[in-house]
Amino acid sequence: MDFTRLTQFDFHHRLADTPGTALVLFSTSGCGACRSMRAALATLRPRHPEWHFFEVDAGEDLALTREFEVFHLPGLFLYRGGRYHAAVQAEPLPARVEGAVAALAAQPPEEAP
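For this note's numbering, add 2 to where a residue sits in the sequence shown, where the first one is 1.
This is the structure in structure tokens:
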């Protein structure tokens, strides 16, 4: 599954223009845990065609990686209605990610990093 790539130059305005639920994955190509999370998200795409999936290369875009305080990969963040909502903490399993997103969506949004 291809994710829409984001860089520091288009990150904020692309997400601001994205309706509904968006998940942003911070990863690198050599990260095994990142591949597992990407596979879990790929499984969720057919279940949630209304969700939008984005990816930031944490190795190439250090400014965003630092801004979001991503110290361990993968980093996963939830946006709703074009606004930051929360960091998603979940095992890289479809059901766990889906459950975490549902639980976070029911909560008030957090302050963006």
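Just so you know, even glycine gets a beta-carbon here, dropped at the ideal spot from N, CA and C.
Per-residue burial, residue i [other beta carbons within 10 Å of its own, 16 or more giving buried]
i: Gly-101; result: exposed
i: Pro-48; result: exposed
i: Ala-104; result: exposed
Cβ-Cβ distance between residue i and residue j below 8 Å
i: Thr-20; j: Glu-52; result: no
i: Ala-35; j: Pro-110; result: no
i: Val-90; j: Leu-8; result: no
i: Glu-2; j: Pro-115; result: A question about residue 2 goes unanswered here, because the residues of the chain that appear run from 3 up to 115.
i: Ala-108; j: Arg-82; result: no
i: Phe-55; j: Phe-13; result: no
i: His-74; j: Leu-80; result: no
Expected contact under 8 Å - CB spacing of residue i and residue j to nearest Å
i: Ala-42; j: Gly-84; result: Contact flag wrong, Cβ pair sits at about 24 Å.
i: Ser-29; j: Ala-65; result: Between Ala-65 and Ser-29 the Cβ distance is about 16 Å, and since that is not below 8 Å, they are no contact.
Spatial neighbours of residue i in its chain, beta-carbon cut-off 8 Å, leaving aside the 5 residues before and after
i: Met-39; result: Leu-27, Ser-29, Pro-76, Leu-78, Pro-94 and Val-99
i: Thr-45; result: Pro-96
Beta carbon proximity, residue i to chain B, threshold 8 Å
i: Asp-4; result: Protein chains in the displayed structure number just one, and chain B is not present.
**Inside the region 27-109 only - alpha helix (DSSP H) runs reaching at least 4 residues** = 34-49, 64-69 and 96-107
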